[in-house]
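Asker:
Numbering (my numbering), first residue to last: 369 to 573.
1) If you compare alpha carbons, which of 455, 471, 470 and 433 is closest to residue 548?
2) Buried or exposed: residue 399, going by 16 or more other Cβ atoms within 10 Å of its Cβ?
3) Is it true that the segment 439-448 meets the segment 559-568, where meeting means three or more beta-carbon pairs spaced less than 8 Å apart?
4) Taking C-alpha atoms, which residue in 484, 519 and 564 lies nearest to residue 580?
5) Excluding five sequence neighbours on each side, which residues of the same chain lie with their C-beta closer than 7 Å to the C-beta of residue 494?
6) Please classify residue 535: does DSSP put it in a helix, a strand, or coil?
7) From 567, 564, 554 and 566, pick the residue whose C-alpha is nearest to that of residue 450; which is it?
8) Whole angstroms is fine: what's the gap from residue 527's alpha carbon to residue 475's?
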């Protein structure tokens with residue numbers, strides 16, 4: 369009688385040889401690099417209504433190829449950012465992402481769930497004619513990374529929606545920096561990496 373060998377679903381036997389299934393090891397299953405499409409000058413009355421001006425709009429979707437649940441890790445890797453702001457205003461670049469398992473991910477366009485903030489503001493007052501003093505700040509912010517984890521059931525679809533915006537919290541002064549305003553916001557881009565990590569086969573004791 370041929371020997372009976374019990375293996376879990378992270379393993380396979382091909383022509384009598386024991387091997388590993390592709391889902392049995394950590395792997396990057398998706399990657400997307402998305403550039404900002406609206407970096408640059410902020411003029412006029414600014415963007416004082418949430419969500420502000422859309423800078424980056426990205427989506428990802430992946431279907432599990434494993435018969436077992438997977439632990440999914442999303443890495444959000446942001447480029448370095450730059451903000452230039454004039455007295456007495458404030459500028460903020462913010463981003464957010466949402467997920468849907470076996471359903472669409474909601475568009476992240478409200479300020480109730482914010483994943484990161486890059487903020488610059490300056491207020492050094494006004495002269496005796498109520499005109500803001502001349503003042504500008506140029507600030508660079510280093511690249512950074514954030515990650516989040518989810519459990520994905522076998523065969524399910526994970527949908528991810530990412531957005532980054534710039535907005536200018538009110539009030540907004542059109543005559544900033546002694547009536548020579550300079551305001552800019554540069555998000556540059558984001559890299560999204562989706563990783564899949566295996567889980568044990570609980571049906572094998």
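Quick reminder that beta carbons are idealized off the backbone N, C-alpha and C, glycines included.
Note that the structure is predicted; figures quoted are calculated from it, not measured.
Answerer: This is what the structure gives:
1) 455
2) exposed
3) yes
4) What is shown of the chain runs 369 to 573, which leaves residue 580 out entirely.
5) 500 and 501
6) strand
7) 554
8) 11 Å
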